[in-house]
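Presented below is the structure to which this report refers.
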Amino acid sequence: MISLRIDGALFNYRVAGVAVLNGKVLLHKTPSDNYWTLPGGRCELFEFSKDTLQREMQEETGLNAEAGEMLWVSENFFLYNGDKYHEIGFYFEMQILNLPDQNDFLGSEGEDELLFHWHDVTDLHAIRVYPEFLMDALAKNPLEKGHHSSSFRDLDAG
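Per UniProt numbering, the very first residue in the sequence shown carries number 1; after that it's consecutive.
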C-alpha cells in the first residue's frame, strides 16, 4: 500500500468511489469514527487507480464495482489518531454491479468492521463527511469535475 512515513507524518495515496443511486450516495465509516467517507482505499505499488477501487470494493464488501470517469483530485492535510497526514485522493464514478438493494450493510477492512449506508445527497450537511468538499460536490446534479484541497483538520475532534 502506498502510505509512507516521512519526518513524523504520513503520505497517503487513496482512491475512492462515488456511487450515487436514486438520489443517495454510498458512504462508510468504522464504528469508532465520528465522520463518514466514500468507500475506497490505498493504492498498491504499480496498481492503476481504477483497479485499486475495484479491488478495495471486492475486499471490503464482496461486491463487484466498476470504476468510471475520474471526478475529482483532492489534496488533504489532516490529523487522525495523532498522526499528520498528507493525502492525495482520486475519486471516480463507480457502478456496483451486483448490488442487491440500498439497505445498510457491514463490510470489513482486515480486522476492522465497516458500516455502509446510503445517505441522501441533499442531507449531507446534517452529518460529518470527510473530505468536507464532498458535502457540496455530491449534491450537484450532474456531478462537476474538479480539484479540491483542504488544510489541516483534526478528524478525531467532533
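Idealized CB from N, CA, C, for every residue including glycine.
- Judged by their CB atoms, A137 and W36 are not nearer to each other than the 8 Å cut-off.
- The three-state secondary structure of M1, taken from DSSP, is coil.
- Of the residues E66, G40, E69 and V20, the one whose Cα lies closest to the Cα of E60 is G40.
- Under the three-state reduction of DSSP, D51 is assigned to helix.
- One Cα belongs to L99, the other to S108, and the distance between them is close to 17 Å.
- By the C-beta density criterion, A16 is buried, having at least 16 other C-beta atoms within 10 angstroms.
- In the DSSP annotation of this structure, the continuous segment of the alpha helix (DSSP H) that includes F133 starts and ends at F133 to A137.
- Taking all protein chains in view, the Cβ of N103 is surrounded by fewer than 16 other Cβ atoms within 10 Å, so the residue is classified as exposed.
- The beta carbon of S151 sits closer than 7 Å to those of F77, all from its chain and outside the five residues before and after it, given in chain order.
- Spatial neighbours of I96 in its own chain (CB-CB distance under 6 Å, excluding positions within 5 residues in sequence) are listed in chain order as A19, L63 and A65.
- Here DSSP, grouped into helix, strand and coil, assigns T122 to helix.
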